[in-house]
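Remarks on the structure that follows.
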Amino acid sequence: MSRSYFDDFLANDGLRSRIGSRIESGRLAHAYILEGRRGFGKHMLALRIFAALACENRHADPGAVPCMRCAACKKIMAGNNPDIRYIRREGTRATLGIESVRFLAQDVLMNPIESPYKCYVIEDAHLLTPQAQNALLLTLEEPPEYVIFMLLCEQTDTILETIRSRAPVLRLQPAKTDTIREYLKSAVPQIYKSIPKEELKQLILLAGGSIGRALELTDAKTRKAILQNRESADELLRCCVDRPGAAEAYAKLKNLGTNRADIDAVLVYLSDALRDLILLKKSDTVPLLFFTDRSDANELAGRIPLKTLRQLWSAVLEARELLAQNANTALTVARFGVQTSILNL
1 MSRSYFDDFL
11 ANDGLRSRIG
21 SRIESGRLAH
31 AYILEGRRGF
41 GKHMLALRIF
51 AALACENRHA
61 DPGAVPCMRC
71 AACKKIMAGN
81 NPDIRYIRRE
91 GTRATLGIES
101 VRFLAQDVLM
111 NPIESPYKCY
121 VIEDAHLLTP
131 QAQNALLLTL
141 EEPPEYVIFM
151 LLCEQTDTIL
161 ETIRSRAPVL
171 RLQPAKTDTI
181 REYLKSAVPQ
191 IYKSIPKEEL
201 KQLILLAGGS
211 IGRALELTDA
221 KTRKAILQNR
231 ESADELLRCC
241 VDRPGAAEAY
251 AKLKNLGTNR
261 ADIDAVLVYL
271 SDALRDLILL
281 KKSDTVPLLF
291 FTDRSDANEL
301 AGRIPLKTLR
311 QLWSAVLEAR
321 ELLAQNANTA
331 LTVARFGVQT
341 SILNL
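In the numbering used here, the protein residues as written are 1 to 345.
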């Protein structure tokens, strides 16, 4: 491949190179499944692939593709290209039904308006019903040469094998810590400078490799609420593993109030913290989800028997399951308090 592709799409270097090679050689498939967590850049990559195909400087300019300077690139990135169709859930629907894709059978037969290709972006493709997927399959079988489908999903488990056999899966990997830090530094320099160093560490850890999520967390209100929940989880953990502190742990959880979403948010982070400590029992190089200070996590893991960590983790999972089943929050918290007290007898 003589030119570089998607230079402004951070991370996933190998994936970018493979797609670029296929575009360069004219071997791009007519459909792809873009798999990755929210904020990994599925939308961005889908648009850049389409922009690379429509770029006016694709053959004339020896530089990067798409050029992001020509009229075609600018219209695509601004959302003004009529040859991009989005298929989304309607309102509060939990799935994408057959009515969402039924129109495709006729729509694909109409030529592009101003680009060499028509691009159909199917969002939350993992929520397509089996009936909708079977209807889509008929269109995927032999689409016109100018049609390309981008199925965006968080996981491919619910996508039929018949769909996957016709649409190769492109798995987006999490961005590295340094990549996220450098992106924030260049994208939101003033906000980046205003965030305390320790908060920035937690923000990047919370992003879980998602640049989009990291950008969301630069919002002060969002970050404050999340950091408070993490602090509550950290306090809970240290109370639970401290023999005289079980009663205090129960009191802290009780003080969170009766809102099940608030309680569950703290329990999620407590579960992540326990996961870190359990895995550190086996390897001190395991990637951490909760702790930003590895030495602190190692010290804490060394103080707590593995059996206790697993029992506490089970208690957290049980409490979360009860909350999900609309169990009484006060009783759920009380049960969790009893369980942690037993662990510290």
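The C-beta atom is built at its ideal place from N, Cα and C for all residues, glycine as well. These numbers come from a predicted model, not from an experiment.
Quick one: is residue i buried, meaning 16 or more other Cβ sit within 10 Å of its Cβ, or exposed?
i	result
Gly20	buried
Met1	Bear in mind that a pLDDT of 48 at Met1, under 50, signals an unreliable position, so the model cannot answer this.
Leu104	buried
Gln339	buried
Ser100	buried
Ser295	exposed
Tyr269	buried
Asp284	exposed
Leu312	buried
Gly337	buried
Asn81	buried
Ala225	exposed
Ile87	buried
Gly41	buried
Thr258	exposed
Ser25	exposed
Arg27	exposed
Starting from the C-beta of residue i, find all residues in its chain whose C-beta is less than 7 Å away, skip the five residues before and the five after it, and write them out in chain order.
i	result
Arg260	Leu323 and Thr329
Leu267	Val316, Ala319 and Arg320
Asn12	Leu172 and Gln173
Arg102	Ala135
Gly214	Checking the displayed sequence, the identity of residue 214 turns out to be Ala instead of Gly. Correct list, in chain order: Ile180, Leu184, Leu203, Ile204 and Ala207.
Leu47	Ile76 and Met77
Let me know the secondary structure DSSP gives residue i once reduced to three states.
i	result
Leu138	helix
Tyr5	strand
Tyr120	strand
Glu161	helix
Glu299	helix
Cys153	strand
Ile204	helix
Leu170	strand
Leu236	helix
Arg93	coil
Val65	strand
Leu345	In this prediction, Leu345 scores a pLDDT of 41, lower than 50, which makes its location untrustworthy; no coordinate-derived value is stated.
Arg38	coil
Ile278	helix
Tyr86	strand
Tyr412	No answer is possible for residue 412: it lies beyond the span of the chain, which begins at 1 and ends at 345.
Val147	strand
Ile19	helix
Ile304	coil
Ile33	strand
Leu128	strand
Ile211	helix
Gln325	coil
Arg260	helix
Ser271	helix
Ala46	helix
Leu289	coil
If you drop the 5 nearest sequence neighbours on each side, which residues of the same chain put their C-beta closer than 8 Å to that of residue i?
i	result
Glu216	Gly39 and Thr222
Glu141	Arg166
Ala51	Pro66, Met68, Ala72, Cys73, Ile76 and Met77
Gly212	Arg38, Gly39, Phe40 and Gly41
Arg89	Thr95, Leu96, Ser100, Glu123, Asp124 and Leu127
Between residue i and residue j, which are expected to be in contact by the criterion C-beta below 8 Å, what is the C-beta distance as a whole number of angstroms?
i	j	result
Ile163	Gln133	6 Å
Ile263	Leu309	So it is not a contact: roughly 21 Å between Cβ atoms.
Thr179	Leu289	Contact flag wrong, Cβ pair sits at about 18 Å.
Leu237	Ala273	5 Å
Leu53	Tyr117	5 Å
Asp83	Glu114	6 Å
CB-CB under 6 Å to residue i, same chain, minus the five flanking residues each way: which ones, in chain order?
i	result
Phe291	Asp276 and Ala297
Ala64	Ser4 and Asp7
Thr129	Thr95 and Gly97
Thr177	Ile204
Ala265	Asn229
Leu306	Lys281
Thr218	Val188 and Ile191
Does the beta carbon of residue i come closer than 8 Å to any beta carbon on chain B?
i	result
Leu312	Going by chain labels, chain B is absent from the structure shown, which holds only one protein chain.
Using 8 Å as the threshold, is the stretch 171-186 in touch with the stretch 27-42, meaning 3 or more CB pairs across them?
yes
Does the pairing of the stretch 119-129 with the stretch 146-156 give three or more beta-carbon distances under 8 Å?
yes
Are three or more beta carbon pairs between the stretch 178-193 and the stretch 154-163 nearer than 8 Å?
no
Any contact between the stretch 200-211 and the stretch 65-79? By contact I mean 3 or more CB pairs, one from each, below 8 Å.
no
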